[in-house]
Amino acid sequence: MLHIAIVEDEEVYARILEDYIHRYESETFSRFKVSHYSDGKQIAENYSGGFDIILMDIQMEKMDGMTAAEKIRKRDPEVLIIFITNRTDYAVRGYEVDALDYVVKPVEYYSFSQKLDRAVNRRNKNRDYHIMIHADGGMYKLAASQILFVESERHNLHFYTEKGEFVSRMNLSEAEELLKGSGFYRCGKGYIINLDKIDSFSDGICRIGRYNVPVSRSKKKEFMNVLADHMSSTLV
Amino acid sequence: MELSNDIPRLYTGIAEWLGCLTVLLNCRRRVDTGLFIAISTAAVVLQCGLLVLTAGVDAGILWVCIMGIAFLQMVIFLYLCADISPQGVLYGAGAAFLHAEFAASLEWQLHAWGLRFYPNDNFFPSVLLVVVYAAVFSFFSFMSRRHITENFLKSLTWKEVISISLLIIFTFAFSNLSFFLAGSPFSGRVTEDIFAMRTLADGLGTAVFWGFEISISELLTQKELYSIRHVLSSQYEQFRYYQESEEMLHMMQHDLKHQIEGLRGETNEQKKEEWLDMIENELDKWWLPQRTGNSVFDTILSAKLRRARQLDVRITCVADGALLNCLHVADICTIFGNALDNALESVVMIPDPEKRLIHVSVSAQKNFIFINISNTLGTPLIESENILLTTKRDKKNHGYGIKGIKYVVGKYGGHVSYKADEGWFRLNILIPMKQINT
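One line per chain: the protein sequences are H and C, in this order. Under my numbering, residues 80 to 315 are what the first sequence spells out, in order. Under my numbering, residues 6 to 443 are what the second sequence spells out, in order.
Shown next as structure tokens:
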């Protein structure tokens, strides 16, 4: 169950938001745990984490939402922050605290539900996915998010991960099937790459950390498309 | 004129059918593959059937009529299968007819010549037929691939189609002159002469036809380029206008600040508060987002926000404008001006104002600048040849918006993609940062 925090100093608005969340719950058959805070200071001081989504008012008496968000972001890089504001000019700079989005007061249900939907989807996607592979005579559990890329060499696959390299006797299509739907792309004959890990791309070469992975010429356009779509689904 | 060994009518039929196929392979079909194969099979049977059954008819009015019917059959074949305009169908059928004449004539000339060396070979005629037709039609297909595009066939005017038709009729008439008028100055007497003359006439006609085709196609490209440039420059002009009005707003803001100063002198507390609130609200309405870190982006965004307010559209934006500092001013105008215009035009179609949402984000992802402009969808989209078509009235200049964006993003080695999902249209732009620095 996802945990949502509402940080809002005006009782009326806090109630509207909560009503909207309940309406969203009944429309999507989902359940959330909702906590209330009446000021930025209250949530940011002694911040213990545990939230999935924070709905943060920007204008508040003791500590404004931006400052609170900055403090929270330092301790929790994962939590999704959506600002609630009546002055859009503050919120445009939401990228500074890596905010997902904002909603403008008076909040309308439709746009609120769309944004919440996006946040919920993104949060659920973040749940880590693991695969099991045979390597060095034993079974290994690899987190998909730690795999940088997979390279095939004769009958073996090399899994390059943040923790090192694993060699497993399997073919690329099997690996592709295992990693399907978790942000991987087969960019040529011998490689599958993790779209999250790509540092840069130029002249048909993807750079992932210190590695260079070639993208086959015929897949270049498709690759850019997939990468853009992937970013759009994880960021926006 | 009697010619006992003229081109077998079956060969002509096959050539005409192949000519139609070359055209069809280069444009979008309106039927699925199964139906296409069925229609094509029927077409080849009809085409060859007509010509073979009328093989006994001598050159004359009746013969011309039969040729006319054969041509009509080709028109119908193209019309049934290809998703193009009537002009396009006529043009395509004409091209197919001319190419078929040339192919058949060339093949037969080689045949007549080759018989000297292989007089009694049973395989020679069929091998030659396959080889010559394969070579000639592959070449035609290759030649027309660059020009006969959907866009080309759609943009043909009647004037162009008529002049092309005249060219084809003239070529056809000239190449067959020897068969009608035995004694004319342009007629050959020896059989092989006649064949050579016909191939030559058809060849020349085809060459002129291609010249014509290439010049039309270049004209279209220029027209398109002109339209893209027009869109680009108009976005820039708009930006200049916004910049000026922005300055005016700043002055207004400044003026209001002075008013607030003056108001501090007001003695009636309640009156003073009311007045101040009013002024503050007024200022908020003319919100100036001077804070994203890129003044060009700010200007465009605030102008579009004002437009959005008029249209009752909700725009939200999370943007690190500083990332855009490495792009040229005019390019920023093109990207955001066009994308936001398109988004605004799309969402106003949605009857419920609460559902008219636009979201803009500009962020750094590793070494990429990622720009996303999304809007809620009211109506489904149609996409054709990578140009988005809208229901907008100004069809002529529309779609160039997105082309302009592609053109500009391409300059930075970036990529533009778009898709519709879950009720949103998402335009994604990915620009590698490294390439900008170098």
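C-beta: ideal position from N, C-alpha, C; glycine also.
Using the rule of at least 16 other Cβ atoms within 10 Å of the residue's Cβ for burial, across every protein chain shown, is Cys70 of chain C buried or exposed?
exposed
Counting only beta-carbon atoms, is Arg33 of chain C nearer than 7 Å to chain H?
no
Under the rule that 16 or more other beta-carbon atoms within 10 Å means buried, what is Lys153 of chain H, buried or exposed?
exposed
Can you tell me which residues form a DSSP beta bridge with Thr38 of chain C?
DSSP, once it has assigned bridges, lists no residue as partnering Thr38 of chain C.
Tell me whether the stretch 331-350 of chain C and the stretch 412-423 of chain C touch, counting them as touching only if at least three CB pairs, one residue from each stretch, are closer than 8 Å.
yes
Close-in-space but distant-in-sequence residues of the same chain around Tyr99 of chain H (CB under 6 Å, 5 per side omitted):
Tyr188, Phe191
Considering only the beta carbon of each residue, do Lys194 of chain H and Asp180 of chain H sit closer than 7 Å?
yes
Anything in the stretch 259-282 of chain H with a Cβ closer than 8 Å to a Cβ of chain C? List those residues in chain order, please.
Ile277, Asp278, Ser279, Phe280, Ser281
For Leu432 of chain C and Ala307 of chain H, what's the separation of their Cα atoms in angstroms?
9 Å
Going residue by residue through the stretch 71-156 of chain C, where are the continuous alpha helix (DSSP H) segments of at least 4 residues, counting only ones entirely within it?
91-119, 129-150
Hey, does Glu285 of chain C have any beta-carbon neighbour from chain B nearer than 7 Å?
Any reference to chain B falls outside this structure, whose protein chains are H and C.
Whole-number beta carbon distance between Trp215 of chain C and Met148 of chain C, since they are thought to touch under 8 Å
6 Å
In the DSSP output, which residue or residues are listed as bridge partners for Asp426 of chain C?
C:Trp429
In terms of residues, what are the limits of the alpha helix (DSSP H) holding His209 of chain H?
Element bounds for His209 of chain H: not the alpha helix (DSSP H) but the beta strand (DSSP E), 209-214.
Would you mind reading off the limits of the alpha helix (DSSP H) that contains Leu227 of chain H?
First-last for Leu227 of chain H: 226-232, but that is the beta strand (DSSP E), not the alpha helix (DSSP H).
Could one say the Cβ of Cys331 of chain C lies closer than 7 Å to chain H's Cβ atoms, at least one of them?
no
With a cut-off of 8 Å, do at least 3 Cβ pairs link the stretch 263-271 of chain H to the stretch 223-233 of chain H?
yes
Given this structure, state the Cα-to-Cα distance separating Leu81 of chain H from Ile151 of chain H, to the nearest angstrom.
18 Å
Using the rule of at least 16 other Cβ atoms within 10 Å of the residue's Cβ for burial, across every protein chain shown, is Gly18 of chain C buried or exposed?
buried
Selection from C:Gly93, C:Phe76, C:Gly406 that minimises the alpha carbon distance to Arg34 of chain C:
C:Gly93
Proximal chain C residues relative to Ala178 of chain H, where beta-carbon distance stays under 8 Å:
Val323
What whole-angstrom Cβ distance do Thr164 of chain H and Ile137 of chain H have, given they're in contact under 8 Å?
4 Å
Kindly list, in the order they appear in chain C, the residues whose Cβ is closer than 9 Å to that of Met310 of chain H.
Ser368, Gln370, Phe373, Phe375, Asn377, Asn433, Leu435
C-beta contact flag for Gln66 of chain C and Leu158 of chain C at 7 Å
For the sequence presented, residue 66 of chain C should be read as Ile rather than Gln. Against a cut-off of 7 Å, the Cβ pair of Leu158 of chain C and Ile66 of chain C comes out as no contact.
Could you tell me which residues DSSP puts in a beta bridge with Pro293 of chain H?
H:Ile284
From the DSSP output, read off the bridge partner residues of Thr211 of chain C.
Answer is none; Thr211 of chain C lacks a bridge partner.
Thr162 of chain C - DSSP class collapsed to helix/strand/coil
coil
Rounding to the nearest angstrom, what Cα-Cα distance links Gly129 of chain H and Ile85 of chain H in this structure?
14 Å
Quick one: list the residues of chain H neighbouring Arg319 of chain C, beta-carbon separation under 8 Å, in chain order.
Val183, Glu187, Ser190
Between Ala307 of chain H and chain C, is there a C-beta pair that is closer than 7 Å?
yes
Go to Phe302 of chain C, then tell me how far its alpha helix (DSSP H) extends in each direction, as first and last residue.
300-316
Quick check: the stretch 163-173 of chain C against the stretch 109-118 of chain C, are at least 3 beta-carbon pairs closer than 8 Å?
no
For Val353 of chain C and Leu316 of chain C, the rounded distance between their alpha carbons:
7 Å
Straight-line Cα distance separating Gly288 of chain H from Asp88 of chain H:
44 Å
Ile167 of chain C to Thr176 of chain C span [Cα, whole Å]
14 Å
Which residues in the same chain as Thr321 of chain C place their Cβ atom closer than 7 Å to its Cβ, once the five residues preceding and following it in sequence are excluded?
His364
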